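Residue numbers (my numbering): 364 to 560.
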């Protein structure tokens, strides 16, 4: 893995997601059917369904009407959404990255907004693709678990053939590189510290 020379792809949508999911959770926790909430708010069932699925973005006044009917507040709702965003990353909130000049290798950041010391990612290496012929080094530590496919990994010049379930861990200051010798993508879960992206 290398922390240098990377080019981000477009982040997947996320920043406005989540309010509908929280509203649905609040409704279900209170035992409200969609019909009951519609009756209490004066809003149509189809509109409320779209809000819960994050299809419609309600105005603040409409949102206030909904949370009042649910017996909560906008402040509590936004606090819950913000807390979740700092702790939880849903699949559609992941961020895909590629390294400039490296074909067939995709990094998907699993915790892109955590701001902590540990970075988790999914690494997918297409058949025949590699990190390049020259080993790279950087500060930190890495741990990688191969989920599927196979991967050749070199650490300090020593070659390892990884099979599904194999895990490598090493000091990133030691020269390392990888390539996929198989005919299917190699998929790994990878972590490194400090974050490289």
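Here a beta-carbon is modelled for each residue, glycine too, at the ideal position from N, C-alpha and C. Please read all numbers here as calculations on a predicted model, not as lab measurements.
| Check | Outcome |
| --- | --- |
| Under 8 Å between C-beta atoms of residue 506 and residue 554 | yes |
| Distance between beta carbons of residue 513 and residue 544, contact taken as under 8 Å | 6 Å |
| Segments of 4+ residues assigned as alpha helix (DSSP H) that fall wholly inside the segment 421–476 | 423–433 and 437–450 |
| Same chain only: Cβ atoms within 6 Å of residue 556, ignoring 5 sequence neighbours per side | 480, 481, 503 and 504 |
| Cβ pair count under 8 Å reaching 3, the segment 420–437 against the segment 447–467 | no |
| DSSP three-state assignment for residue 505, whether helix, strand or coil | strand |
| Residue environment, residue 390, which counts as buried when at least 16 other CB atoms sit within 10 Å | buried |
| Residue 405 classed as buried or exposed, judged by whether at least 16 other C-beta atoms fall within 10 angstroms | exposed |
| Short Cβ contact (8 Å threshold) for residue 398 with residue 408 | yes |
| Where residue 489 falls: helix, strand or coil (DSSP) | coil |
| As assigned by DSSP and simplified to three states, the class of residue 596 | The displayed coordinates of the chain run from 364 to 560. Any statement about residue 596 would go beyond what the structure contains. |
| Per-residue burial, residue 518 [other beta carbons within 10 Å of its own, 16 or more giving buried] | buried |
| Neighbour flag for residue 490 against chain C, beta carbons, 8 Å | Included in the structure is just one protein chain, with no chain C present. |
| Three-state class that DSSP yields for residue 402 in the structure shown | helix |
| Member of 387, 433 and 395 whose CA lies at the smallest distance from the CA of residue 416 | 387 |
| Nearest-angstrom Cβ-Cβ length linking residue 457 and residue 473, presumed shorter than 8 Å | 6 Å |
| Residue 539, buried or exposed, once every other Cβ within 10 Å from all chains shown has been counted against 16 | buried |
| Burial state of residue 546 (16 or more Cβ within 10 Å) | exposed |
| Rounded C-alpha distance that separates residue 400 from residue 411 | 8 Å |
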